[in-house]
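Undergrad:
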Ligand code: 13P
């Protein structure tokens, strides 16, 4: 049985003080939820500048911390970049790579995403690799082809052996920040396909133990039906993760209500 994972992607939001306050509030909320909190792994994804503050506020609580990206390099002359070892040093446990906003707005390609995932893993962080199709691909009936291609080139190209831990986040681009959510059936179809491909490449046991997250307008109102799907193991949550009560409510739902 896979333990659900609830990960917040705070994107480019929150000052350091605001991030510290939100993390502290979530930590307090989890203390109140106790039993539910033990049934879910929870990760907060603040901007780089707030990472240390969030890690401090999360210390003692069952909370991991995620960077929102990392360099494919471990260090050196890469102005503006942040490496996986630096994130780990600041208290990160996970790192999101290949988010569609970075793929679209910063032209990140699968090869770069794969290199980042490998660097994250080598640096001792759990990569959360995001994949997902634009609406035109879905309307053309080519969603699974697109997902397969992204898995091949963002993951399987660099991990020839099963990685220690790696999380896939399925985030249909058309559902991100739009209020539109994939139906549970649409999401389940893609998640099942992802698990099948993970099994073919890394073994059925590895795939059966690995978490595949859904992302795209997950909210307290739709989390239960999404998380009830057999291959949806949690959420990568944007907007709702910025609202303490909403994020905690999704954690409670993920724990089984
Ligand atoms: P929203 O939950 O705001 O749609 O964002 C999802 C997302 O992009 C998480 O990475």
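Numbering (this note's numbering), first residue to last: 91 to 347. C-beta: ideal position from N, C-alpha, C; glycine also.
Straight-line CA distance for residue 95 to residue 343?
TA: In the chain shown, the residue the question calls residue 95 occupies position 5. In the chain shown, the residue the question calls residue 343 occupies position 253. Rounded to whole angstroms, residue 95 to residue 343 spans 12 Å at the Cα level.
Undergrad: Less than 7 Å between the beta carbons of residue 331 and residue 269, yes or no?
TA: To locate residue 331, count along the chain shown from 1; it is residue 241. To locate residue 269, count along the chain shown from 1; it is residue 179. Against a cut-off of 7 Å, the Cβ pair of residue 269 and residue 331 comes out as no contact.
Undergrad: Any heavy atom of the ligand 13P within a distance shorter than 6 Å of the CB on residue 358?
TA: In the structure as shown, the chain starts at 91 and stops at 347, and residue 358 therefore has no counterpart that could be examined.
Undergrad: So which of 208, 107, 101 has the shortest CA-CA distance to residue 216?
TA: Within the chain shown, residue 216 is the residue found at index 126, counting from 1. It is 208 whose Cα lies nearest to the Cα of residue 216.
Undergrad: Would a C-beta distance cut-off of 7 Å place residue 144 and residue 174 closer than the cut-off?
TA: Position 54 of the chain shown, counted from the start, is the residue given in the question as residue 144. Position 84 of the chain shown, counted from the start, is the residue given in the question as residue 174. Not closer than 7 Å, so no.
Undergrad: I'd like to confirm something about residue 312: is its beta-carbon nearer than 6 Å to some heavy atom of the ligand 13P, or not?
TA: Stepping through the chain shown from its first residue, residue 312 is reached at position 222. Not so, every heavy atom of the ligand 13P lies at least 6 Å from the Cβ.
Undergrad: Leaving aside the five residues before and after residue 315 along the sequence, list all residues of the same chain whose C-beta is less than 6 Å from its C-beta, in chain order.
TA: For the purposes of this step, residue 315 is taken as residue 225 along the chain shown, with counting starting at 1. Counting only Cβ-Cβ distances below 6 Å, and skipping sequence neighbours, we find 274.
Undergrad: Nearer than 6 Å: is that true of the beta carbon of residue 326 relative to any heavy atom of the ligand 13P?
TA: As a position in the chain shown, residue 326 is number 236, starting the count at 1. For the ligand 13P, at least one heavy atom lies less than 6 Å from the Cβ of residue 326.
Undergrad: What residues are listed by DSSP as bridge partners for residue 60?
TA: With the chain covering only 91 through 347, there is no way to say anything about residue 60.
Undergrad: With a threshold of 16 other CB atoms inside 10 Å of the CB of residue 211, please say whether the residue is buried or exposed.
TA: Here residue 211 refers to the residue found at position 121 when the chain shown is read from its first residue. A buried status is given to residue 211, since no fewer than 16 other beta-carbon atoms sit within 10 Å of its beta-carbon.
Undergrad: Under 8 Å: do the region 221 to 228 and the region 147 to 160 share three or more Cβ pairs, one atom per stretch?
TA: no
Undergrad: Per DSSP, residue 99 forms a beta bridge with which residues?
TA: Start at 1 with the first residue of the chain shown, and residue 99 comes out as number 9. Residue 99 pairs with 135.
Undergrad: Going by DSSP, name the residue or residues bridged to residue 184.
TA: Counting from 1 along the chain shown, the entry for residue 184 is found at position 94. In DSSP, residue 184 forms a bridge with 156, 216.
Undergrad: Please confirm whether residue 173 has its beta-carbon closer than 7 Å to some beta-carbon of chain D.
TA: In the displayed structure, chain D is absent; only one protein chain is listed.
Undergrad: Ends of the beta strand (DSSP E) at residue 324?
TA: Position 234 of the chain shown, counted from the first residue, corresponds to residue 324. Run containing residue 324: 324 to 327, per the beta strand (DSSP E) assignment.
Undergrad: Spell out a yes or no on whether the region 166 to 182 and the region 193 to 200 are touching, meaning 3 or more CB-CB pairs, one atom from each, closer than 8 Å.
TA: Touching, no.
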